[in-house]
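Remember, our numbering sits 396 above the position in the sequence shown when you count from 1. For glycine and all other residues, C-beta sits at the position ideal for the given N, C-alpha and C.
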Amino acid sequence: MSERSEHTPHRTEPLNRPDTELEVTVEELDQLLALQQEMFRLVAENCHYMAIIDRTCEMAQALLPNSIASVMLLDNASGELNVLSAPSVPKEGVEALCGLRPGPGGGSCGNAVYRNEPMFVTDTFTDSRWQDLRQLAYDFNLCACWSMPIRNADQKPIGSFALSSFEHRQPSSFHKRLLEVGASLISMLLVREEQARALKVNTERLELFATALNSSSEGVIVTDRANRIIEVNPAFEAITGYSASEVLGQTPKLLASGLHDAAFYHQLWGELLSHDRWSGEVTNRRKDGSLLTQWLTVNTVRDRHGVVSNYVAVFTDLSELKSEREGRIRALEYDALTGLPNTAKLKLQLEEGGNEQSLLLMNLNNFSYINTAYGVDIGDQLLTAVARALVALDIQGELFRIDADQFALHFPALIDLDLQILRIQQHFLCNEVDVDQLCFTLTFNFGGVSGGRDLMRRALSALKTARSKGKNRSHLYDSQRDELKPKRRLDFTHWNGWLHEAFRKGGIVPWYQGIRNNHTGRIDSFEVLARLERDGAIHSPAEFIPVAQLSGLLPMLTREIIAGSFACMASSDVSFTLNITSEDLDLGYLADHLDEIARYYGIDRSRVILEIHEGVSSGATREHLPQLQDLKRRGYRLAIDDFGTEYSNFERILELDVDYIKIDARYIRNIDTDKRSYEITRSIVYFARNAGIKTVAEFVHSQGVQAVVESLGIDYSQGYLFSEPSAEPQAG
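Have a look at this one:
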């Protein structure tokens, strides 16, 4: 660019001759026409807009020898001009021109855009309009520069079209006309390109909308202003059963079910016309005649003049949603095995009912044994068969399955529950239940309540009472007899909090009651008893054990007593007895926990006697029996507490290989005056002696009782006659 090309003047007139005196010749008009024709040809051939602009620059600079043409475009974000096209300008020249800021000193192009008018600079080396670009003019030998603003449709400048000359000269009328034509053509190309881009974006958006419309699970209807259908999507066809060809040109009345009156549609159209939108639930009809419940939203589409052009309706098939909702509700409120409503459904009905309701709970006896013996599949079939049998009885109440082997009958009125119980008992007594070639004669325990609130709690309490009586028993709740007194309930609440506080603060402590060896006359072992310390007072187990049992805290209590008693007994060599519960055995932690504490304190296992209630030993479960036998193998000794209070399973006692039988206080208390107590005790001692089991008499409170105890040969005596419970073991 720094070397000047040879210049052959197109005109011979002096350079300083006024332009107005020079008219555009016919030859020059032909050249301008040729330029425009070439541009239109390229446009018609759909050439890229940049190729057309480059060609415009090439043809323009060819009409002004010793010059170069360029197009600069305004960046609205930065406010700077950047080179768009300059086919004859080297790369370094383009880089130098980019980033030009329009202004009074911004050169011909900067001023053309800044002032929005043509700029004709004949001497760039001296003209003030080039003061910011003077060095650029020197570096690239730009002697003159004529620039025409490129304007948009609003006649605002968006860039410039320029001819830069390597010699100082003025533009002729032809050159000015050339710049005007070029700027106009380039403006047209830029507008066309912008429109093409916008069209492409809109086309892509329309394609995206069409894809979304066709993929949508919601039905769509588009109508014209006369409400004739002009478009529907595939979801519409799938939901209604109508194809597009069947509904095009029709009105949406085609879908009307006849269930909505004129007032409904009047309200719909009134809101649509006033607010351009309506939403609501509509019941239409499918092609097959079935009802279609929809959530329908209709929108009005207006043109740029505000005139209604279309209506667009989008609807969701609520029948499917309702079905899904009903399915979810059924899963939450109905038993999957029997199909009966479950506990959640029952509680909901009880809450919604008033005070005049009745509830009968039924617990299937021996179901766990049946499940274990025959397998879960047979158990499930049995439950299903029981449910069918109860439904077939056609009892007026509604049947529920509320637990694995528990059913409930809910009556919305006060009824004679005894009569219902008798009816069920007679049916199952007279009718066996057949399952997979097996026959079962079934019985139930019943717990019922009529009237009042809180029926579930009271019915469960009644069922618990019935089960405590044995199998095939019933109990109807009586508030006078069964209701826990408010004061007692408050006491339970207080003790629950005090128990937790005692566990946190170390308030559960062991106390000790001596056990006299009747052969030596000395106290040589102790029973460890639980006490609760609070605010300086000592509380006996009778106050807090029932609460601990209800709250599931008995295992925690056992652990506290084990820790405290082992720490105390570590300094002596006497034996001591610990009470363990069925809850301890349920958790299965006892053997390893005892071993760990015994090792820590260096206590021989044979010193530890584990005292279990007779009910635990006689009814030892599948899980309990191996644990008790394992404790014996590890060296701990076993004692049966309160022997004689329940059904005494002598075979189980021998199977456990117990070391001690503690005869219940009810027989020892009056043994010196009550012949029956004496004979029962004598029989127990006889059995124990022959089995090699030591005996302990509980509640020895007088010399008269002790004399009889010794005469029967009972090995040990425990009671206030010899030792009262104390915080420290008192040997003697």
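Nearest candidate by alpha-carbon position, reference residue i, set the options
{"i": "Val479", "options": "Arg497, Asp550 and Ser463", "result": "Arg497"}
{"i": "Phe807", "options": "Ala800, Asp799, Gly578 and Gln816", "result": "Gln816"}
{"i": "Ser474", "options": "His890, Ile554 and His701", "result": "Ile554"}
{"i": "Asn512", "options": "Lys552, Ala785, Glu454 and Gln527", "result": "Lys552"}
{"i": "Ala447", "options": "Gly499, Tyr534 and Leu586", "result": "Leu586"}
{"i": "Asp450", "options": "Ala482, Tyr661 and Pro545", "result": "Ala482"}
{"i": "Asn629", "options": "Phe922, Leu981, Ala533 and Leu644", "result": "Leu644"}
{"i": "Glu454", "options": "Val439, Leu469, Glu434 and Glu752", "result": "Glu434"}
{"i": "Ser857", "options": "Ile582, Leu872 and Gly866", "result": "Leu872"}
{"i": "Gln527", "options": "Arg547, Ile546, Val509 and Gly499", "result": "Gly499"}
{"i": "Gln1029", "options": "Ala456, Arg700 and Arg1001", "result": "It is Arg, not Gln, that sits at residue 1029 in the sequence shown. When each option's Cα is compared against that of Arg1029, the closest is Arg1001."}
{"i": "Asn975", "options": "Ser967, Val924 and Ser947", "result": "Val924"}
{"i": "Ser1107", "options": "Pro1125, Ser1119, His662 and Asp1068", "result": "Asp1068"}
{"i": "Val616", "options": "Tyr534, Glu939 and Val710", "result": "Val710"}
{"i": "Phe1046", "options": "Glu1075, Arg1072, Ser1079 and His1020", "result": "Ser1079"}
{"i": "Leu813", "options": "Asp874, Cys835, Ser764 and Lys867", "result": "Asp874"}
{"i": "Phe922", "options": "Leu928, His890, Ala1084 and Glu1124", "result": "Glu1124"}
{"i": "Gln1126", "options": "Leu825, Ile1089, Ile919 and Pro937", "result": "Ile919"}
C-beta atoms of residue i and residue j nearer than 8 Å
{"i": "Arg797", "j": "Leu851", "result": "no"}
{"i": "Gln833", "j": "Gln1114", "result": "no"}
{"i": "Gly844", "j": "Leu755", "result": "yes"}
{"i": "Ile1049", "j": "Glu1094", "result": "no"}
{"i": "Thr679", "j": "Ser719", "result": "no"}
{"i": "Glu423", "j": "Ser569", "result": "no"}
{"i": "Val1054", "j": "Tyr1032", "result": "no"}
{"i": "Asp969", "j": "Ile1008", "result": "no"}
{"i": "Thr739", "j": "Glu614", "result": "no"}
{"i": "Gln530", "j": "Met515", "result": "Before going on, a small fix: residue 530 reads as Arg here, not Gln. For Arg530 and Met515, no; Cβs fall outside 8 Å."}
{"i": "Arg930", "j": "Trp907", "result": "no"}
{"i": "Asn695", "j": "Asp672", "result": "yes"}
{"i": "Tyr997", "j": "Ala963", "result": "yes"}
{"i": "Asn598", "j": "Phe562", "result": "no"}
{"i": "Ser670", "j": "Leu688", "result": "no"}
{"i": "Leu470", "j": "Arg573", "result": "no"}
{"i": "Val1096", "j": "Ile1064", "result": "yes"}
{"i": "Leu981", "j": "His1020", "result": "yes"}
heavy atom of the ligand GDP below 7 Å from residue i C-beta
{"i": "Leu990", "result": "Of ligands this structure carries none, so the ligand GDP is not represented either."}
For residue j and residue i, believed in contact at Cβ under 8 Å, the rounded distance
{"i": "Tyr1112", "j": "Val1081", "result": "Tyr1112 to Val1081, Cβ: 12 Å. No contact."}
{"i": "Ala558", "j": "Ser543", "result": "4 Å"}
{"i": "Ala862", "j": "Arg854", "result": "No, Ala862 and Arg854 are not in contact; Cβ-Cβ is about 13 Å, not under 8 Å."}
{"i": "Asn841", "j": "Asn759", "result": "4 Å"}
{"i": "Asp904", "j": "Glu956", "result": "In the sequence as displayed, the identity of residue 904 is Ile instead of Asp. Ile904 to Glu956, Cβ: 4 Å. Contact."}
{"i": "His564", "j": "Asp519", "result": "5 Å"}
Three-way DSSP call (helix, strand, coil) for residue i in this model
{"i": "Thr408", "result": "Any reading at Thr408 must be qualified, since the residue scores a pLDDT of 34, below 50, and its modelled position is unreliable; the value itself is stated next. Residue state, collapsed to three classes: coil."}
{"i": "Asn462", "result": "coil"}
{"i": "Ala1123", "result": "coil"}
{"i": "Leu805", "result": "strand"}
{"i": "Asn478", "result": "strand"}
{"i": "Gly1100", "result": "helix"}
{"i": "Asp773", "result": "helix"}
{"i": "His564", "result": "coil"}
{"i": "Cys453", "result": "helix"}
{"i": "Tyr1116", "result": "coil"}
{"i": "Glu600", "result": "helix"}
{"i": "Asn827", "result": "coil"}
{"i": "Ile554", "result": "strand"}
{"i": "Glu1094", "result": "strand"}
{"i": "Ser846", "result": "strand"}
{"i": "Lys797", "result": "Here the sequence assigns Arg to residue 797, which means Lys is not the residue at that position. Strand, per DSSP."}
{"i": "Cys505", "result": "helix"}
{"i": "Arg784", "result": "helix"}
{"i": "His444", "result": "coil"}
{"i": "Asn892", "result": "helix"}
{"i": "Asp471", "result": "strand"}
{"i": "Ser870", "result": "strand"}
{"i": "Ser398", "result": "Since pLDDT at Ser398 reaches only 39, below the 50 mark, its modelled position is unreliable, and the value read off the structure follows with that caveat. Reduced to three states, the DSSP call for Ser398 is coil."}
Can you list, in chain order, the stretches of the beta strand (DSSP E) that have 3 or more residues and sit fully within the region 909-988? 918-930, 933-935 and 971-976
Please specify which runs of the beta strand (DSSP E), each continuous and at least 3 residues long, are wholly inside the region 642-730, giving them in chain order. 673-681, 687-698 and 704-713
Could you give the uninterrupted runs of the beta strand (DSSP E) lying entirely in the region 1005-1090, keeping only those of 3 residues or more? 1033-1039 and 1056-1059
Please specify which runs of the beta strand (DSSP E), each continuous and at least 3 residues long, are wholly inside the region 566-643, giving them in chain order. Runs found: 615-620 and 625-628.
Alpha helix (DSSP H) runs contained entirely in the region 522-550, provided each spans 4 or more residues: 530-536
What residue ranges within the region 735-762 form continuous beta strand (DSSP E) runs of no fewer than 3 residues, ordered along the chain? 754-760
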